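Here is the structure we will look at, set down as structure tokens.
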Amino acid sequence: MKTNYNITSYCHIKNNHISLNGSVIFSEVHTSFSEFIKAAYKDQNTKYSKFFKMDNLSKLAFLAADVLLKNQNLDLEKDNNIALVFSNKASSLDTDVIHQKAIQHKDNYFPSPAVFVYTLPNICLGEISIKYKLYTENSFFIFERFNAEHLFTYTNSLLATHKAESVLCGWVELEEENYEAFLYLVSKKEGDKEFNKQNIITLYNT
Amino acid sequence: MEALKQELKENIIEQLNLEDMTVADIADDDMLFGDGLALDSIDALELIVMLDKNYGIKLTDPKEGRTIFESINTMAAYIQEHRSK
Numbered sequence: 001m002k003t004n005y006n007i008t009s010y011c012h013i014k015n016n017h018i019s020l021n022g023s024v025i026f027s028e029v030h031t032s033f034s035e036f037i038k039a040a041y042k043d044q045n046t047k048y049s050k051f052f053k054m055d056n057l058s059k060l061a062f063l064a065a066d067v068l069l070k071n072q073n074l075d076l077e078k079d080n081n082i083a084l085v086f087s088n089k090a091s092s093l094d095t096d097v098i099h100q101k102a103i104q105h106k107d108n109y110f111p112s113p114a115v116f117v118y119t120l121p122n123i124c125l126g127e128i129s130i131k132y133k134l135y136t137e138n139s140f141f142i143f144e145r146f147n148a149e150h151l152f153t154y155t156n157s158l159l160a161t162h163k164a165e166s167v168l169c170g171w172v173e174l175e176e177e178n179y180e181a182f183l184y185l186v187s188k189k190e191g192d193k194e195f196n197k198q199n200i201i202t203l204y205n206t
Numbered sequence: 001m002e003a004l005k006q007e008l009k010e011n012i013i014e015q016l017n018l019e020d021m022t023v024a025d026i027a028d029d030d031m032l033f034g035d036g037l038a039l040d041s042i043d044a045l046e047l048i049v050m051l052d053k054n055y056g057i058k059l060t061d062p063k064e065g066r067t068i069f070e071s072i073n074t075m076a077a078y079i080q081e082h083r084s085k
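Given below as structure tokens:
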């Protein structure tokens with residue numbers, strides 16, 4: 001299916017690397033995701049006062065989105081109609097487990113409010129929306145694996161019906177020390193990668 | 001009392017994930033909310049849980065928190081008077 005849209009930018013975070021449009025922009029070996037994402041946050045000069053309050057899934061999604069969006073030269077004083085369409089497999093399981101441990105025993109029952117607020121995967125979309133002042137459509141889907149077909153169809157629908165001018169979409173998966181973010185921006189702007197299912201799969205596997 | 005204040009600062013930094021802060025950055029009379037450490041409403045809930053978990057103090061009236069959590073000084077004074085563990 002041919003569309004009039006292009007993939008104008010894309011970002012990967014995995015295996016101690018961050019890449020933007022195919023070029024590695026940060027690489028540092030750390031023994032834990034927490035240490036890696038902290039180092040990456042500082043290296044990328046991502047200033048956001050609530051970053052360290054987030055759970056790991058939100059940190060991953062937020063940093064991937066920030067790396068990509070800050071290179072778009074957005075005017076934050078204007079409305080930027082960028083929809084967010086994210087997906088993963090584990091939902092917010094990583095944080096759910098931490099919450100479960102806090103309420104496991106009746107005699108040691110101390111649920112953490114700061115942990116509990118992240119027991120939904122779509123909370124990361126809110127953090128990105130706050131930083132970039134996006135009052136736009138957003139969705140977070142749970143799939144068994146990366147689902148290029150669904151992301152393509154849903155994004156195409158948002159753009160074709162003028163619900164959004166651009167869509168930031170992709171996959172943000174995190175469970176314990178296993179993490180992977182792949183986000184891409186789709187719009188009518190010029191780009192050398194046509195927005196289609198095959199190109200999404202190709203970029204995802206890059 | 002000084003040891004309790006030190007402990008409170010360490011716990012606040014750790015439990016509220018104030019990554020860029022050290023104990024030395026928090027003065028005893030710094031405002032914890034507003035212009036001081038700029039803690040938010042979720043942080044306030046975490047402090048209530050901390051009082052319960054670490055010191056056996058249950059706050060039944062959230063309005064009490066406004067004065068108790070004004071600064072390290074006010075927190076330490078309240079804990080010293082009401083702690084059960």
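For the record, the sequence lines run as chains D and G.
With UniProt numbering applied, the first sequence corresponds to residues 1 to 206, in that order.
With UniProt numbering applied, the second sequence corresponds to residues 1 to 85, in that order.
Cβ coordinates follow ideal geometry from the N, Cα and C atoms, glycine included.
Quick caveat, the model's predicted, so the values are computed rather than measured.
Taking the continuous beta strand (DSSP E) assigned at residue i, which residues delimit it?
i: Leu-32/G; result: Per DSSP, Leu-32/G belongs to no beta strand (DSSP E) and is neither H nor E.
i: Asn-173/D; result: Checking the sequence shown, residue 173/D turns out to be Glu, not Asn. Where Glu-173/D is concerned, the enclosing beta strand (DSSP E) stretches over 166 to 175.
i: Glu-180/D; result: 178 to 187
i: Thr-8/D; result: 6 to 14
i: Asn-138/D; result: 138 to 142
i: Phe-86/D; result: 82 to 88
i: Ser-19/D; result: 17 to 20
Given a cut-off of 9 Å, decide if residue j and residue i are closer than it, judged by their beta-carbon atoms.
i: Ser-9/D; j: Asn-71/D; result: yes
i: Phe-52/D; j: Asn-17/G; result: yes
i: Tyr-184/D; j: Leu-168/D; result: yes
i: Leu-63/D; j: Ala-90/D; result: no
i: Ser-187/D; j: Asn-56/D; result: no
i: Asn-196/D; j: Thr-3/D; result: yes
i: Tyr-179/D; j: Ile-13/D; result: yes
i: Tyr-132/D; j: Leu-60/D; result: no
i: Ser-58/D; j: Cys-124/D; result: yes
i: Gly-56/G; j: Arg-83/G; result: yes
i: Glu-28/D; j: Asn-15/D; result: no
i: Cys-11/D; j: Ala-181/D; result: yes
i: Phe-33/G; j: Asp-40/G; result: yes
Alpha helix (DSSP H) containing residue i: first to last residue?
i: Lys-197/D; result: 197 to 204
i: Glu-81/G; result: 72 to 82
i: Val-49/G; result: 41 to 55
i: Tyr-132/D; result: 123 to 132
i: Asn-11/G; result: 2 to 15
i: Val-115/D; result: 113 to 116
i: Val-29/D; result: Neither: Val-29/D is in no alpha helix (DSSP H) and is coded neither H nor E.
i: Gln-100/D; result: 93 to 102
Alpha carbon to alpha carbon, how far is residue j from residue i? Give it in angstroms, no decimals.
i: Leu-51/G; j: Glu-173/D; result: 35 Å
i: Met-31/G; j: Lys-193/D; result: 52 Å
i: Leu-76/D; j: Glu-81/G; result: 49 Å
i: Leu-8/G; j: Ala-38/G; result: 16 Å
i: Lys-5/G; j: Asp-28/G; result: 7 Å
i: Ile-42/G; j: Met-54/D; result: 12 Å
i: Ala-3/G; j: Glu-35/D; result: 30 Å
i: Ile-37/D; j: Phe-26/D; result: 11 Å
i: Glu-46/G; j: Thr-161/D; result: 43 Å
i: Lys-50/D; j: Ile-130/D; result: 11 Å
i: Asp-61/G; j: Leu-69/D; result: 43 Å
i: Leu-77/G; j: Lys-85/G; result: The sequence shown places Ala at residue 77/G, rather than the Leu named in the question. Taking the straight line from one Cα to the other gives about 15 Å.
i: Val-115/D; j: Gly-22/D; result: 34 Å
i: Ile-79/G; j: Thr-155/D; result: 54 Å
i: Ile-68/G; j: Ala-44/G; result: 11 Å
Would you please state the rounded distance, in angstroms, between the beta carbons of residue i and residue j? I believe it to be under 8 Å.
i: Gln-44/D; j: Val-24/D; result: About 13 Å; that fails the 8 Å criterion.
i: Ser-112/D; j: Val-49/G; result: 6 Å
i: Trp-171/D; j: Asn-88/D; result: 6 Å
Closer than 9 Å by beta-carbon distance: list the chain A residues that pair up with residue i, in chain order.
i: Ser-112/D; result: Among the protein chains of the structure shown, namely D and G, there is no chain A.
Determine contact between the segment 196 to 203 of chain D and the segment 139 to 157 of chain D, defined as no fewer than three beta-carbon pairs at a distance below 8 Å. Yes, they touch.
For the segment 128 to 144 of chain D against the segment 63 to 75 of chain G, do three or more pairs of beta-carbon atoms, one drawn from each stretch, fall closer than 8 Å, so that the two count as touching? Touching, no, given that fewer than three Cβ pairs across the two stretches are closer than 8 Å.
Inter-stretch contact at 8 Å, needing at least 3 Cβ pairs: the segment 100 to 110 of chain D / the segment 81 to 89 of chain D: Output reads no: the segment 81 to 89 of chain D does not touch the segment 100 to 110 of chain D.
Is it a yes or a no for the segment 119 to 139 of chain D touching the segment 87 to 95 of chain D, going by three-plus beta-carbon pairs under 8 Å? The segment 119 to 139 of chain D is in contact with the segment 87 to 95 of chain D.
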